[in-house]
Each structure stands twice: as C-alpha cells, then as structure tokens.
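The block underneath contains the structure these notes are about, expressed in structure tokens.
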Amino acid sequence: MGQGNGRLTYLDVAGVDKRFRDTVVIQGLDLRVGAGEFVSLLGPSGCGKTTLLRIIAGLLRADRGAIHLDGRDLTRLAAHKRNVGVVFQSYALFPHLTVAENVAFGLRARRAPAAELREAVARALAMVQLTEYAGRPIFVLSGGQQQRVAVARALAVHPALLLLDEPLSALDRKLRETMQIELKHLLRQLGLTAIFVTHDQDEALVMSDRIAVMNAGRIEQFAAPADVYNRPATAFVLDFVGMSSRFHGTVRAVEGDEVSVDTAVGVLRARGRPPVGSRVLVAVRPERLMLGRGDGEWRNAATLTVRDPVFLGSKLILHFDAADGDRAVAELASGTGDKLAAGDLVQVHWSVGDTLIFPAS
Amino acid sequence: MTIAMWTITAMVVLFLIAPLVVVVAVSFSASPVFNLPPPSWSARWYERLWRLRDFWPAVRTSLEIAALSTAISLVLGTLCAIAVERGRFPGRDALVTFAVSPLMMPGLVVGVALLQMLRQVGFRDAWMSLLIGHIVITLPYVIRTVLASLSLFDFTLIDAARTLGCSYPKALLKVMVPVLAPAFLTSGLFAFLASMDNYPISIFLTDARTKTLPVQILTYLEETPDPTIAAISTGLIVMTIVVLLLADRLVGLRRIAEL
Amino acid sequence: MSTLDVAVRAPASRGERLDPLALLALPATAYLGIAFAVPLVLLLVTSVWTPAGLTIDGYVKFFSDSYGWRVMWNALRAALWTTAICLVIGYPVGFALARSRGVVQVLLLVALILPLSVGVVVKAFAWTILLRSNGVVNQMLLATGIASEPVRFIFTEAGLVVGAVNIFLSFMVLPIFSVVKLIDGRLLDAAATLGASPLHRFLRVTVPLSMPGVIAGIAFVFSMAISMYVIPTLLMGDRYQTMSTLIARSYLFMRDRSLGSAVAVVLLGIAVAVVVISGWLARRSRDVR
C-alpha cells in the first residue's frame with residue numbers, strides 16, 4: 061500500500077508478530093520508511109502502535125519478523141546498541157539530574173570526551189532554546205520545557221532514528237499546537253528520520269509526511285495525509301480520521317465503473333465494483349456537501365432535516381437527522397447557511413467523484 | 221477548638237523533649253544522685269565513662285551488628301521489594317505481610333524463639349546470633365520503605381537509559397539506585413537506629429563476653445545507678461542528632477516522617 | 024493506556040510458569056522463614072511438647088493460677104491505658120502537624136522524630152529520673168501547688184503509663200499525620216456549603232477519613248505496649264510482672280521453658296490478633312470510603 065514513495069527504504073520492519081500471553085498485539089506487520097521521512101503511527105488505544113515503537117527501539121522483542129535500519133539488522137540487537145532515540149510520553153527525565161546532565165546522559169554512556177560532551181550538550185540545549193536552564197533541576201520546569209529537554213536528550217546522541225511516543229499528549233492545546241510546528245521544523249532541519257506515535261488525527265495530519273493508520277495490530281493504510289483523508293482505504297480509516305456522512309445501503313446496480321446504492325436517503329452513486337445485492341457503506345466528507353439542488357456532475361442529492369447547527373467561527377457544521385447507524389454532517393463556510401435552524405428541511409448535493417464506498421462490516 | 225489543639229501540641233512537644241533534656245542535664249551534674257537542677261556542673265561522668273572499660277566493647281559490638289545487619293537488610297530487602305513490585309506471581313500481598321510482620325511481633329518472643337532454635341541446632345556464637353536476630357528486625361524496615369518508594373518509581377526511566385546507550389544492569393545502577401537513594405537512606409537509618417536500640421531480642425542472644433550497648437546499660441543500671449548512664453545516653457542522643465541532621469540534608473524531614 | 028500497560032498489569036494466569044523475578048524475593052523470604060517463622064513454630068511446639076511428651080502444663084500453670092491472670096491483666100491494663108491516652112493526645116497533635124507550615128512544622132517533626140530515634144533504653148532511663156520522688160515531675164507538682172507533698176510515681180502503674188505514653192506517642196501521631204494531611208480541604212468546604220456545622224463536619228467528614236491513620240496508630244502502640252519489656256523493668260522493678268518480664272524470667276532465671284514458651288505463645292497470639300483485627304478494620308474503613 062503506497063510504499064513507493066520514490067525514496068530508498070531506510071527503516072524496514074518486515075513481518076512482525078507480537079503477542080502478550082494470549083493477546084495478539086501485532087500481526088504480520090510491515091512498514092518501510094524512507095530516509096528523512098516523518099511518519100506517524102495513528103490509531104486508537106490498544107491498536108499496538110506503542111508496542112511497535114518499543115519493538116523498533118529494542119525495548120521489546122518481536123515474536124517473529126525482522127527489523128533493518130540503514131542496512132543494519134537490528135532484530136537481535138539490544139536497545140542500548142541500536143542508536144535509536146526515544147522521546148517518551150511521560151518524558152522519562154531523570155529526576156536526580158539537572159537539565160544539562162539529562163541531556164549529557166547518552167553521551168556519557170557512550171564515553172564521549174569531556175570537551176565534545178560539553179559542546180554537544182550546549183548545541184542540543186540551544187536547539188530547543190533551553191540554554192539558560194542548563195543547571196536547573198527537572199522538577200522546576202514546566203511541562204513544555206520538560207518536553208523540550210526530552211527531545212534535546214534524545215537528539216544529543218545523534219540517533220539514526222528518532223521515535224516519539226505521544227510526546228505532546230500531556231501539553232495543553234495551545235502549547236501542543238506550537239510544539240507540533242516547532243518539532244516538525246526542528247526535525248526537518250536536522251534531516252532526521254522520525255516515527256511519531258499519536259492517537260490525535262489532527263496532530264498526525266499536521267506533522268507527518270506519511271501516516272500509518274493502525275487498527276488491531278495491523279496497518280490499515282499507509283499514505284500521505286491528504287490521501288488518508290480524501291481516499292481512506294477502509295471504513296475504519298474513514299471513521300478514525302475526520303468526520304463524514306455515511307449511509308448504509310444495498311447495491312442495486314452496477315453500470316460501468318459506477319454503482320447505485322439504495323440508502324435511507326434515496327439512491328446514491330459511487331465509483332467502485334461491489335457485487336449487486338451486497339451491503340455497503342456510502343460516505344462523503346462534510347466539506348464536499350453543497351446546499352441546494354445540484355445538476356450534471358453533482359448527481360448525488362438528499363433532503364435532510366437539520367438537527368443541530370454548530371457555529372465554529374470560520375465555518376458552520378450542520379448535523380442532520382439520520383437513520384440508525386447512519387450519520388449526516390455538512391461543513392459550510394460561515395455566512396452560507398447562517399439562517400438555518402433545527403428542524404429546517406435542507407437540500408444537499410455532492411459529486412460522485414467525492415463519494416466513498418466500502419463493504420459494510 | 222483550634223486553640224485547644226495548639227495548646228495540647230505545645231505541651232506534647234515539651235513532654236516529648238523533656239526526657240532528653242533531663243538526661244543531658246544529669247550527665248553534667250556533679251552529684252552522684254539524680255538531682256535536678258544539679259547542685260553544680262561537671263564533666264566527671266564523662267571522665268568516668270572514658271575510664272570505665274565495660275562500655276567500649278559493647279559500643280563496638282552494637283555498632284558492628286547495627287551496621288552489618290543494616291547493610292545486609294538493604295541488599296536482601298531491595299531485591300525482595302523489586303520482586304514484589306515488578307514480578308507477576310501469586311501471593312505477593314501475603315509475602316509483604318509476612319516480610320513486615322516482625323515489626324508487629326513482640327521482640328521478646330522473637331528473641332526467645334530464635335534462642336531456642338539456635339540452642340537446638342547447637343549454635344552458640346553470640347556475635348553471629350545477635351547478627352541473625354537483628355537482621356530479622358532491620359529487614360522489614362527496608363522492605364517496607366523501599367517498596368513504597370519503588371511503587372512510585374517510573375520504570376520508563378530504565379527504558380530511557382537503555383535507549384540512550386546503557387545496558388540493563390547499567391541502567392539500574394545509573395538511574396534506579398540514585399532515584400531510590402532517599403528510600404535506601406531513610407530505611408537504612410531507621411534500621412540502624414532500631415538495631416542500636418534493640419534490647420528484647422539481644423537480651424537472649426548475648427553472653428558474658430559479647431554484649432550490646434542496651435544490654436550493658438541495663439546491667440550497669442542494676443548494679444551502680446549513677447549518671448555515667450546519662451553520659452553515655454547523651455552520647456547516643458548526639459549520635460542520633462548527627463544522623464538525623466545528615467538525613468535531613470540529604471532527604472528532608474518531611475519524607476522521614478512518612479515512615 | 025498503551026497495550027504494554029495492559030499486558031504488564033495482567034495478573035499471572037494459573038498454570039503459567041513462575042515469573043523469574045520471583046527469585047529476587049527468595050533470599051529475604053528464606054531468611055525470614057528460617058530466622059523468624061521457623062523459630063516461632065518451634066516455640067509453639069515446645070510449649071506443648073517436653074522431653075516427657077505431649078503436655079499443656081505450661082498453659083495450665085499460667086492460666087490456673089490467679090498469678091497468671093494477674094500478669095496478663097497487668098499487661099493488658101497498661102497497654103490499654105497507654106493506647107487510650109496516646110490516642111487522645113496524639114489525635115490533635117497529628118492534626119496540628121498536618122496544619123502547620125514552615126518552621127513550626129519542622130519544630131514539631133523534630134520533637135516527634137528525635138525522641139523516636141533516640142530509642143527506648145535512653146528514654147526509659149530518663150523517666151526513672153523524672154519520676155523520682157525528688158524528681159522533676161514532683162518538683163513541678165509541688166511548685167504549682169497541685170500536690171502538697173511528693174507523690175510516688177516510680178514503681179507505680181501511673182508512672183509506667185506516663186513513661187510508656189511518652190515513648191510510644193510518636194507511633195500514634197505519625198500515622199494520623201500521614202492520613203490527615205491527605206484529606207482534601209475542599210471536602211470540608213463542600214460539607215460547609217451543604218449546611219454542616221463545624222462539629223458535624225468534624226464528626227462526619229474528618230473523623231471517618233482519618234480512621235485508617237487512627238487504626239494504624241492504635242495497632243502500633245497497642246502491640247508495642249502489650250509486649251514492652253525495658254520500660255516496666257526500669258520503671259516498675261522486679262515485683263511487678265507483665266507477660267514480657269515473665270517470659271524473660273522464666274527463661275533467664277527460672278529455667279522453666281514450658282511456662283516461658285506458653286506465655287510467649289499467648290503474647291504472640293495477642294500480637295497476631297492485633298495485626299489481623301487492625302488489618303480487617305483498615306480494609307473496612309477503606310471500603311466505607
């Protein structure tokens with residue numbers, strides 16, 4: 061799935077299985093990441109993303125499969141010999157050491173000469189703008205500052221690969237958004253290959269070159285953010301990333317590369333080849349819906365009842381009444397539907413090309 | 221109600237400190253009877269203590285036993301605490317209850333029981349017997365305190381150290397040992413003081429030549445009750461103050477009070 | 024929560040091979056087993072087993088005699104008084120310690136921890152001086168006019184209890200302190216907004232929440248007081264016997280092992296009962312919370 065990114069494979073995770081006792085956590089997982097790429101592992105709690113990260117770091121051993129980094133076989137290599145940097149969710153800063161000593165920890169473990177060590181620590185602290193905090197103990201730092209120390213500590217040893225385990229989840233929203241941009245910028249400057257674990261789809265969309273959407277120990281889709289959003293490979297990806305209107309239905313006919321589907325809101329058309337009579341899910345992203353009666357290319361239309369208009373400043377989200385298990389939601393630029401109130405009947409339409417179709421689960 | 225609370229507290233502070241003040245005051249009295257305030261001050265009891273040869277072997281035995289039993293307890297207790305906190309095996313709660321139970325059992329009974337067993341197997345070395353007995357009371361202090369600290373220890377720190385280039389044993393040494401140092405220190409301190417002060421177990425395990433300090437003190441009090449005991453007690457108080465000051469510098473009084 | 028957490032926290036399922044980490048607990052467990060548990064079991068055995076065969080002579084001797092009952096009653100009475108007084112004065116002090124800040128708190132902590140660390144022998148010795156008929160306590164009583172002539176304290180039970188309270192008080196205050204300081208002050212505010220009077224707030228909110236500390240304190244003080252040896256030896260002399268002193272005498276002077284071991288077993292039974300009951304009460308007070 062979308063492996064051909066035009067880059068040489070730098071990290072190669074092949075056929076990894078992992079189970080804890082009777083629970084399968086990761087199953088036959090493959091992941092190929094190019095040099096300098098920023099890849100997010102996105103998925104709900106328990107999908108195996110943190111386990112995969114720990115396997116790559118060498119903190120867990122896979123039951124099967126192989127891991128190669130830049131041609132080196134890491135599969136049986138101990139964590140401390142992998143040169144893989146990790147930024148932990150809790151930061152895992154050493155409470156008994158100062159900021160500078162934390163950053164120096166990895167260099168000391170590598171027995172770096174004193175002069176080189178001092179210089180590397182100063183450089184790493186400058187990178188995260190914490191130079192004047194070098195001598196402070198960890199507990200006086202704010203959450204954002206601790207996060208930056210954790211990044212500096214991981215970067216100070218020049219890791220071949222940086223792994224980040226939900227490193228921003230403990231920060232408040234404003235700070236998190238600033239840090240997303242800063243971190244991405246920093247890693248791009250360094251040209252570092254990074255794998256970023258998150259359950260926050262917005263974070264994954266903002267930061268990544270590619271996103272691997274994980275579910276139940278597998279990667280459901282591995283693609284660029286725009287593709288994941290616009291062309292979700294599975295119903296799970298559709299559901300997990302972004303909002304959508306979705307209507308369950310039965311395929312009534314296949315005409316060329318198009319099908320028509322009977323749904324609760326009428327006949328809808330989509331591109332695809334599911335067999336006639338099969339149960340399918342027809343979906344569309346909310347910003348693709350237009351108000352009014354369409355024509356020509358806009359051949360999907362429905363009449364919906366407004367349940368709940370939500371004003372969000374630059375945009376207006378309309379939630380409509382929908383059948384059981386279905387959902388209908390539209391996103392409009394604010395100003396276009398401001399007069400709508402709950403109970404109003406609205407005509408909407410959208411193009412067949414924007415319509416997504418999945419086998420019903 | 222608040223006023224009553226603080227009045228009681230002030231009186232309790234006086235009540236608690238009084239014995240120590242009295243002991244120190246008497247130790248500097250010139251009179252051989254325990255009169256307070258002393259008719260005049262002198263250091264004669266300290267001179268007498270210095271000249272009396274009875275006490276020094278006991279002091280030495282007590283220090284040896286206390287230091288050694290504390291050290292052994294720190295090792296055994298830490299290993300046990302790690303097993304309980306990190307291990308997944310049945311009966312861990314029962315194990316902890318058992319391991320700290322010597323603290324709640326009558327010391328005298330523990331001493332008698334140990335004496336009887338050692339006699340039965342023909343073991344008669346007093347010094348070793350004392351060491352064996354004292355570890356029984358120092359070990360629970362260490363297990364209890366280290367366990368409490370360990371339950372708050374973030375084992376991700378070990379992972380972090382490993383990804384930064386430390387092998388597993390080295391990560392334990394570089395991260396876990398310093399982070400748990402306060403627990404080692406406070407539990408070691410209380411174990412040491414408990415061993416120094418122990419009488420009920422020691423009384424059964426000493427012999428004529430190997431006596432611990434508390435046993436020697438009580439023996440001396442029965443024979444010649446004079447302020448020499450106050451002088452040696454003052455010495456013990458000073459030792460305690462020094463140890464506590466050290467602990468306060470390294471750990472803080474509030475954490476010590478947690479125990 | 025990550026999958027790892029779920030996996031690591033999972034309890035060991037039955038039939039699984041033992042976690043190798045369990046081996047780390049082996050040295051300490053084996054040590055306490057050999058040097059603590061086995062001797063106690065042997066003690067239990069010797070209390071009913073003499074070279075002459077199975078016997079309950081020791082117990083009969085102890086319980087058939089009014090002397091035995093008196094000794095037990097002595098120990099119980101002194102322990103109960105000591106525990107009760109420690110509770111009454113320790114409870115407010117635990118609160119004061121939790122409320123205090125800065126220098127005052129440090130001072131209070133020093134006053135509690137220093138005597139605790141100095142040990143029983145030194146303090147018991149100090150009380151022999153304090154309680155003398157020409158001692159400090161009497162001088163104070165005479166000076167304040169509370170007593171018109173010296174009161175005999177040394178070698179009286181009142182003196183014994185005063186000394187024991189002094190020596191064990193810290194063990195009551197510190198557990199209460201460690202629980203009270205965790206009580207969320209907002210709970211009392213909430214109770215106040217619900218219309219509870221200060222007394223009602225204290226009885227219905229503070230007291231129940233402080234129970235775990237109180238139970239721990241009572242268990243500590245009672246189990247130490249029932250088995251105290253040094254304090255009665257110094258403050259009461261030979262004529263007054265508690266269970267501990269009787270055990271020591273039976274072994275060291277009377278060479279009566281069956282009596283000594285029987286009394287030891289009774290004392291051990293009381294200590295175990297205290298542990299079990301306080302554990303049960305602690306669990307119950309936690310569940311009520």
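Residue numbers (my numbering), protein chains in the order written: chain Y, 61 to 421; chain X, 221 to 479; chain P, 24 to 312. Ideal Cβ positions, reconstructed from N, Cα and C, are used throughout, including at glycine. Computed from a predicted model, the values in this text were never measured in an experiment.
L234(X) counts as exposed, since fewer than 16 other beta carbons sit within 10 angstroms of its beta carbon. Under DSSP, the beta-bridge partners assigned to G326(Y) are T323(Y). The C-alpha of W104(P) is placed about 36 Å away from the C-alpha of L466(X).
The beta-carbon of S70(P) is placed no less than 7 Å from the nearest beta-carbon of chain X. Restricting attention to alpha helix (DSSP H) runs no shorter than 4 residues, the segment 119 to 178 of chain Y encloses them at 159 to 169, ordered along the chain.
DSSP places D414(Y) in the helix class (H, G or I) of the three-state scheme.
G408(X): member of the alpha helix (DSSP H) spanning A401 to D417, first to last residue.
Contact of P389(X) with chain P is not assigned, every C-beta pair being separated by 7 Å or more.
The shortest C-alpha to C-alpha distance from T298(X) to any of V243(X), E267(X), Y361(X) and A238(X) is the one to Y361(X). Remark: C-beta atoms of A451(X) and S247(X) approach each other more closely than 7 Å. When C-alpha distances from T432(X) are compared across V471(X), D379(X), S349(X) and M459(X), the shortest belongs to S349(X). Within chain X, no residue has its CB atom less than 8 Å from the CB of A383(Y), the nearest being about 46 Å off. Under the Cβ criterion (8 Å, minimum of three pairs), the segment 271 to 283 of chain X counts as touching the segment 417 to 434 of chain X. Restricting attention to A74(Y), L372(Y) and R345(Y), the CA atom closest to the CA of P292(Y) is found in R345(Y). Residue contact check for R170(Y) against chain X: a CB pair falls below 7 Å. The continuous beta strand (DSSP E) containing V366(Y) extends over residues N360 to F371. Distances from the alpha-carbon of R429(X) to those of R273(X), F373(X) and V242(X) put R273(X) closest. Counting C-beta pairs with one atom in each stretch, the segment 182 to 194 of chain Y and the segment 224 to 232 of chain Y have fewer than three that are closer than 8 Å, which means they do not touch.
By the beta-carbon neighbour count (other beta carbons within 10 angstroms, threshold 16), K141(Y) is exposed.
Taken atom to atom, the span from the alpha-carbon of L425(X) to that of S284(P) is near 16 Å. Taking 8 Å as the Cβ-Cβ cut-off, the segment 175 to 195 of chain Y has no residue approaching chain X. The Cβ neighbour count for I169(P), taken over all protein chains shown within 10 Å, is under 16; the residue is labelled exposed.
If you compare the alpha carbons of G292(P), F178(P), V144(P) and F245(P) with that of T106(P), the shortest gap goes to F245(P). V116(P) and T439(X) do not touch by the CB rule: their CB atoms are close to 35 Å apart, not below 8 Å. Nearest to L243(Y) by alpha-carbon distance, out of F98(Y), G403(Y) and R92(Y), is F98(Y).
Beta-bridge annotation (DSSP): N161(P) is not paired with any residue. With distances taken between CA atoms, G277(Y) lies nearest to L112(Y) out of D72(Y), L112(Y) and L405(Y). For the 7 Å CB-CB criterion, D384(Y) and T365(Y) do not form a contact. Using a C-beta cut-off of 8 Å, the segment 443 to 461 of chain X makes no contact with the segment 355 to 373 of chain X, since fewer than three inter-stretch Cβ pairs fall below that distance. Proximity of chain X to F245(P) at the Cβ level (cut-off 9 Å) is not reached, the minimal Cβ distance being about 10 Å. Of all residues in the segment 163 to 183 of chain P, none places a beta-carbon less than 8 Å from a beta-carbon of chain X.
Per DSSP, reduced to three states, the secondary structure at H308(Y) is strand.
Inter-residue distance for F154(Y) and R136(Y) is about 27 Å (C-alpha atoms, whole angstroms). Of all residues in the segment 148 to 160 of chain Y, the ones placed with a Cβ closer than 9 Å to any Cβ belonging to chain X are F148, Q149, S150, Y151, A152, L153, F154, P155, H156 and L157, in chain order. Relative to L185(Y), the option among L201(Y), V159(Y), A388(Y) and A175(Y) whose CA is nearest is V159(Y). C-alpha of L400(Y) to C-alpha of R233(Y): approximately 31 Å in a straight line.
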